[in-house]
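A.B. asks: Quick one: this structure, given as C-alpha cells, is what I'll be asking you about.
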Amino acid sequence: MRTLIVTLERAKDRQRNIAGQLEAIGHPFEYFHGVDGGQGHHPLFDHYNEPKRLKLRGEPMSPGQLGCFASHYRIWQECVESQEPILVIEDDALIDPERFQAFVNAIPELPGDVECLRLFENKSKVRKGIHPRHLAGELYVKKFLKGHMSTTGYYLTPSGARKFLRGASEWILPVDLYMDQFWRNGVECYGLVPPCLTNDPQFDSMISQGRARTRRNLKTRFRRERYALVQNCQRVWANLMFLIGR
Numbered sequence: 673m674r675t676l677i678v679t680l681e682r683a684k685d686r687q688r689n690i691a692g693q694l695e696a697i698g699h700p701f702e703y704f705h706g707v708d709g710g711q712g713h714h715p716l717f718d719h720y721n722e723p724k725r726l727k728l729r730g731e732p733m734s735p736g737q738l739g740c741f742a743s744h745y746r747i748w749q750e751c752v753e754s755q756e757p758i759l760v761i762e763d764d765a766l767i768d769p770e771r772f773q774a775f776v777n778a779i780p781e782l783p784g785d786v787e788c789l790r791l792f793e794n795k796s797k798v799r800k801g802i803h804p805r806h807l808a809g810e811l812y813v814k815k816f817l818k819g820h821m822s823t824t825g826y827y828l829t830p831s832g833a834r835k836f837l838r839g840a841s842e843w844i845l846p847v848d849l850y851m852d853q854f855w856r857n858g859v860e861c862y863g864l865v866p867p868c869l870t871n872d873p874q875f876d877s878m879i880s881q882g883r884a885r886t887r888r889n890l891k892t893r894f895r896r897e898r899y900a901l902v903q904n905c906q907r908v909w910a911n912l913m914f915l916i917g918r
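Counted the way my numbering counts, the sequence shown spans residues 673 to 918.
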C-alpha cells in the first residue's frame, strides 16, 4: 500500500522532517506534490463557488485553502484510478512510531465499512467517540459524532475516495470541513484511538496564508448561523440513523 506525503515543491524543510521520521522506522513513502494556491489559478479551482461561499460564510476561501482542497482532490482521483487503499500524510505531521507501525501492521484487520480513518486526534469541541472496535494492541477504531477538523493524515479506500469526489463537485468549505460532512458525502467519520499522528508545532500552517479578512454585517452573520444550524441538524440526524442501524 502506498503512503503519499502531501507537500509543496517549495516546502523543503517539511519534506526533510517527515522523511526523517518515516525513514527511521523503515516505512516507504512517496512525495505527492500538491497544488500551491499561492501560484495563481489552477483548473480545479473552477469547482469553487465563491458567490455561494460568501453568501453562506461571509468570507472567501484563502488561496491556501483552495490549494489544499485541490491537492486532496487529486489524491482521491489517484486512489480511485489505482483501485488500492492509500495512506495520506501531510508534511507537517509528527509520527508516533510505535502506534504508527502497529496501525500499518493491522490495516488488513480493518472493518470493511471503514472507508476513511483519521489517524490524528479529533480537534472539534464534540470529541465523543462511540462504537469502539478493537483493532490491535491498544488501538481501536471509533465512530465520531463530529468530524476531526483537519487532514493531518488518513487511511482511504477507493470506495471512500469515489464518494468524496462525487460530493465535491462544488467547493464552499475547506477540504477538512467538507470531509467531516459525512451526512453529505456518505463517508462515515471514523478515527484511530489513540491516534498515531499529530501536527508538528515547529511548522506554521501554510493553508491560512493569503486569507482575506472580511467584516461581516448582521445579514451575513444570520446566514452563517442559519447554515451552521442546518448542518448541525443534518449531522445529528445522520448520527441517530447510525445508532439505529447498529
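Even for Gly, the Cβ is constructed at its ideal location relative to N, Cα and C. Predicted model only: the values in this text are computed from it and were never measured.
1. Which term fits Cys751, buried or exposed, when burial requires 16 or more other beta carbons within 10 angstroms of its beta carbon?
2. Which residues bound the beta strand (DSSP E) around Tyr703?
3. Does DSSP classify Phe836 as helix, strand or coil?
4. What do you reckon, are the CB atoms on Trp843 and His719 nearer than 8 Å?
5. What does the alpha-carbon distance come out to for the pair Asp763 and Leu912?
6. Take Asp872 as the anchor and find which of Arg688, Leu817, Met673, Glu681 has the nearest alpha-carbon.
7. Quick one: what's got a C-beta closer than 6 Å to Phe772's C-beta in the same chain, skipping five residues either side?
8. Near Asp848, which residues of its chain fall below 7 Å by C-beta distance, leaving aside the five closest residues on each side in sequence?
9. Ser880: buried (16+ other C-beta within 10 angstroms of its C-beta) or exposed?
10. Apply the 10 Å Cβ neighbour rule to Pro846 and answer buried if 16 or more other Cβ atoms are within range, or exposed otherwise.
C.D. replies: Looking at the atomic coordinates:
1. buried
2. 702 to 705
3. helix
4. yes
5. 36 Å
6. Arg688
7. Cys868
8. Met821, Ser822, Thr823
9. With a pLDDT of 49 at Ser880, under the threshold of 50, the modelled position of this residue cannot be trusted; read the value that follows with caution. So Ser880 ends up on the exposed side.
10. buried
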